[in-house]
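Working notes for the structure below.
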Amino acid sequence: MAKPKQFVALMISFVLLTAISCQLSTLKDQVRVGVILDLNSKVGRIAERWISMAHTDFYALNPHYRTRLALLIRNSTSDVVAASQVDLIKNEQVHAIIGPQRSAQAKCVINLGEKAEIPIISFSATSPCLSPTETPFFIRTSHDDSFQVRAIADIVKAYGWREVIPIYEDTDYGNGLIPYLNDAFQAYNASECLIDVSFH
């Protein structure tokens, strides 16, 4: 009579352990990721949809993954990028940030990301002065604008122009492209007269 009681107790223990282990295996590790987008812009709205669709599709194809990304999207215009990032880092304790969209905004976000040792992943910041080699926590997923200067130089060559006057904004973004333009124009023996335009 003792054996059936032990067997039942063993079976109940086995079922409980199995249920507990199944429940533990369904628990997901959550990784919080901040997303800073200007949702008032067309690019920001499209990017939000694409990021959301990619997130949904990935987990639909990989339901067995225990680690889950929790996307915390912040609508951010140029005025509140830093505030959005500080909120994501301090209050939400994100492990990474995607965005912002503009190169001018990205510089501030990259500096804060480096201090907090949080990777900043940009899909649209294209300024050559934002160098992933100089900032280890910055990951650019697009080409920088320096790759475009060859096309500009080819246009100059095709028209046979000997003098070119680039008009650019006197910012990190504007100044970052000029050395690349200079090199490309020199390859075609075209001289340039630089005119910077400062907007205040």
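Residues -22 to -1, 1 to 178 in mature numbering (1 follows the signal peptide of the UniProt record, and there is no 0) are what the sequence shown lists, from first letter to last. Glycine included, each C-beta is placed from N, C-alpha and C at the ideal position. For clarity, every value in this text was computed on a predicted model and none was experimentally measured.
- On the premise that Gly77 lies in contact with Leu15, defined as a C-beta separation below 8 Å, what is that separation, rounded to the nearest angstrom? Here residue 15 refers to the residue found at position 37 when the sequence shown is read from its first residue. Here residue 77 refers to the residue found at position 99 when the sequence shown is read from its first residue. 6 Å between Cβ atoms; contact.
- Item | Beta-carbon spacing of Phe104, Asp122 below 9 Å | Taking the sequence shown and counting its residues from 1, one reaches residue 104 at position 126. Taking the sequence shown and counting its residues from 1, one reaches residue 122 at position 144. Note on identity: in this sequence residue 104 is Thr, with Phe being the wrong assignment. The Cβ atoms of Thr104 and Asp122 sit closer than 9 Å to each other.
- Using 8 Å as the threshold, is the stretch 110 to 121 in touch with the stretch 86 to 94, meaning 3 or more CB pairs across them? The stretch 86 to 94 and the stretch 110 to 121 touch, with three or more beta-carbon pairs separated by less than 8 Å.
- When the distance is taken between beta carbons, is Val21 closer than 9 Å to Leu50? Locating residue 50 in the sequence shown gives position 72, where the first residue counts as 1. Locating residue 21 in the sequence shown gives position 43, where the first residue counts as 1. Against a cut-off of 9 Å, the Cβ pair of Val21 and Leu50 comes out as no contact.
- Message: Checking the sheet assignment: what are the DSSP bridge partners for Asn53?
- Response: Numbered from 1 along the sequence shown, position 75 holds the residue referred to as residue 53. Paired residues: Leu15.
- Message: Less than 9 Å between the C-beta atoms of Ala82 and Asp150, yes or no?
- Response: Residue 82 sits at position 104 when you count from the first residue of the sequence shown. Residue 150 sits at position 172 when you count from the first residue of the sequence shown. Cβ atoms of Ala82 and Asp150: closer than 9 Å.
- Near Ser100, what residues of its chain come up, given a Cβ to Cβ distance below 6 Å and the 5 sequence neighbours on each side ignored? Mapped onto the sequence shown, residue 100 falls at position 122. Same-chain partners within the cutoff: Ala84 and Arg118.
- Does DSSP classify Thr34 as helix, strand or coil? Translated into the one-based positions of the sequence shown, residue 34 becomes position 56. In the structure shown, the three-state DSSP call for Thr34 is helix.
- Considering only residues of the same chain and omitting the five flanking positions on each side of Tyr158, which have a CB-CB separation below 7 Å? Residue numbering aside, residue 158 sits at position 180 when the sequence shown is read from its first letter. Around Tyr158: Pro106, Ser124 and Val127.
- Classification of Gln1 by the beta-carbon crowding that lies within 10 angstroms, buried from 16 upward: Sequence index remark: in the sequence shown, residue 1 carries index 23 (1-based). Note that Gln1 scores a pLDDT of 48, beneath 50, so its modelled location is shaky; the value from the coordinates is reported in the next line. Counting Cβ neighbours within 10 Å, Gln1 comes out exposed, since fewer than 16 surround it.
- Item | Inter-residue spacing [alpha-carbon to alpha-carbon] between Glu53 and Asn167 | Here the question's residue 53 lines up with position 75 in the sequence shown. Here the question's residue 167 lines up with position 189 in the sequence shown. Residue identity check: residue 53 is Asn in the sequence provided, not Glu. Cα-Cα distance, rounded: 46 Å.
- Item | C-alpha distance - Ser19 paired with Met31, whole-angstrom precision | In the sequence shown, the residue the question calls residue 19 occupies position 41. In the sequence shown, the residue the question calls residue 31 occupies position 53. Ser19 and Met31: Cα-Cα distance of roughly 19 Å.
- Item | Simplified DSSP state of Leu47, which is helix, strand or coil | Start at 1 with the first residue of the sequence shown, and residue 47 comes out as number 69. Here Leu47 sits in strand by DSSP.
- Message: What does the alpha-carbon distance come out to for the pair Gly138 and Pro144?
- Response: For the purposes of this step, residue 138 is taken as residue 160 along the sequence shown, with counting starting at 1. For the purposes of this step, residue 144 is taken as residue 166 along the sequence shown, with counting starting at 1. The straight-line gap from Cα to Cα measures roughly 16 Å.
- Minimum C-alpha distance to Gly152 - residue among Ile88, Arg80, Val87 and Asp65: Along the sequence shown, read from residue 1 onward, the residue named residue 152 stands at position 174. Out of Ile88, Arg80, Val87 and Asp65, Arg80 has the C-alpha closest to the C-alpha of Gly152.
- Query: Is Arg140 helix, strand or coil by DSSP?
  - Reply: By one-based count along the sequence shown, residue 140 stands at place 162. In this structure, Arg140 counts as coil in the three-state DSSP scheme.
- Message: Quick check on Ile96: does DSSP put it in helix, strand or coil?
- Response: In the sequence shown, the residue the question calls residue 96 occupies position 118. Three-state result, Ile96: coil.
- Cβ-based neighbour list, His33, same chain, cut-off 8 Å, excluding 5 preceding and 5 following: What you label residue 33 is simply residue 55 of the sequence shown in a count that begins at 1. If we look at His33 and ignore the five residues flanking it on each side, its Cβ neighbours are Leu47 and Leu49.
- Item | Cβ neighbours of Leu66 in the same chain (closer than 7 Å, five flanking residues each side left out) | Translated into the one-based positions of the sequence shown, residue 66 becomes position 88. Correct list, in chain order: Gly12, Leu50, Arg52, Val72 and Ile75.
- Item | Test item: CB-CB of Gln8 and Thr55 under 9 Å | In the sequence shown, residue 8 corresponds to position 30, counting from 1. In the sequence shown, residue 55 corresponds to position 77, counting from 1. 9 Å or more divides the Cβ of Gln8 from the Cβ of Thr55.
- Message: Less than 9 Å between the beta carbons of Ser102 and Ala25, yes or no?
- Response: As a first step, residue 102 must be located in the sequence shown, where it is residue number 124. As a first step, residue 25 must be located in the sequence shown, where it is residue number 47. Result yes, Cβ atoms of Ser102 and Ala25 sit closer than 9 Å.
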